[in-house]
Structure formats: structure tokens, C-alpha cells
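Under my numbering, residues 8 to 120 are what the sequence shown spells out, in order. Heads up, the beta-carbon is just placed ideally off N, CA and C, and yes, glycines get one too. This structure is a prediction, so every number in the text was calculated from the model and none was measured.
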Amino acid sequence: GAPPAVDWIVDAFGIDLSLVSRLGGHSNPRTHRGKERFPGMTITYGLMEKLEEITEKYPERARIMLKTTVTKLLTDKDGNVCGVEGHTKDGKTFQEHGPVVIGTGGFGADFKA
8 GAPPAVDWIV DAFGIDLSLV SRLGGHSNPR THRGKERFPG MTITYGLMEK LEEITEKYPE
68 RARIMLKTTV TKLLTDKDGN VCGVEGHTKD GKTFQEHGPV VIGTGGFGAD FKA
């Protein structure tokens, strides 16, 4: 169930989800939320801060690339995804090899022009 997941998020990311709300369709309060302005903000920012911490502390493990477009998934001989190819905002082509996390639909925290 959800309680172990909530405990893990709270412990792993150091966020406060102590506000328990009753949302539409619920008979009792059961949705754990932060106290920020909109639902999910506490978790989203907690995850973003942890990712930024990892990229600063271990730049060889992760890198955040803003304003980039991936044009191709790179695969090995067995068809497993092993990297990406794309271009930056200024048109520079790049390849990254290793685990791939795909995010779509925009990134609301990409404040850099």
C-alpha cells in the first residue's frame, strides 16, 4: 500500500508530507501532501533538489541538460537503449551514453532562456 511509499519519500528526500487531505471522491482524509501552494509541489521540488545535489556531487553519474532536443535513441546490438543523440538550443549535436530517463511534455522548472 501507500504508507511505505510515503515513508520512503519522506525519509529519502527529507520532505514534510504531514498534511493529510480529503480529496474528491474520498470518504476520509487520506492524501498526504505538503503545505505548499499546489498538490505535488513538495514532492516535485524535493526530487528536483535531490537530483541537483547528485549532479553537483557526482557529475559523472548524472547531468541535467536544459533546452535540448533528443532526436534519436541509441541502441546496442540487442535493441536495448544505451544512450541518446540530439542537439542543444544553439544547434550543437551531442551523444550521451548510459542510462536514459525520458521526460516529455515540458519541464516547468526550466527557467533558463
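Suppose the cutoff is 8 Å on Cβ atoms and the five residues either side in sequence are ignored; what does the same chain contact list for residue i look like?
{"i": "Thr49", "result": "Ile22, Asp23, Leu24, Arg40, Gly41, Lys42 and Glu43"}
{"i": "Gly110", "result": "none"}
Which one of the options has the shortest CA to CA distance from residue i?
{"i": "Met55", "options": "Val77, Glu67, Ile71 and Pro66", "result": "Ile71"}
{"i": "Val13", "options": "Ser34, Gly32, Gly47 and Asn35", "result": "Gly47"}
{"i": "Asp83", "options": "Pro66, His104 and Glu63", "result": "His104"}
{"i": "Asp4", "options": "Leu73, Asn87 and Leu81", "result": "An answer regarding residue 4 cannot be provided, because it is not within the stretch 8 to 120 covered by the chain."}
{"i": "Phe20", "options": "Gly53, Ala69 and Thr78", "result": "Gly53"}
{"i": "Thr51", "options": "Ala9, Pro106, Pro10 and Val17", "result": "Val17"}
{"i": "Glu67", "options": "Pro106, Asn35 and Gly86", "result": "Pro106"}
{"i": "Ala69", "options": "Pro10, Ala9 and Val108", "result": "Val108"}
For residue i, which residues from the same chain have a beta carbon less than 6 Å from its beta carbon, with the 5 sequence-adjacent residues on both sides left out?
{"i": "Thr38", "result": "Ser28 and Leu30"}
{"i": "Thr76", "result": "Gly93 and His94"}
{"i": "Ala120", "result": "Low per-residue confidence applies at Ala120: pLDDT is 48, beneath 50, and the placement is therefore not dependable enough to give any value."}
{"i": "Thr100", "result": "His94"}
{"i": "Leu26", "result": "Arg40 and Lys42"}
If contacts are defined as beta-carbon pairs under 8 Å, then residue i and residue j qualify, I think. What distance do you get, rounded to the angstrom?
{"i": "Gln102", "j": "Leu81", "result": "7 Å"}
Leaving out five residues before and five after residue i in sequence, what residues of the same chain have Cβ atoms less than 7 Å from its Cβ?
{"i": "Asn35", "result": "Arg29"}
{"i": "Thr78", "result": "Glu92, Gly93 and His94"}
Inset, instruction - Flag this pair as touching only if the stretch 78–92 and the stretch 52–64 have three or more C-beta atom pairs under 8 Å; answer yes or no. - result: no
Legend entry - Those runs of the alpha helix (DSSP H) which lie wholly inside the stretch 19–51 and span at least 4 residues: none
Legend entry - 4 or more residues per run - each alpha helix (DSSP H) lying fully within the stretch 43–107: 48–64
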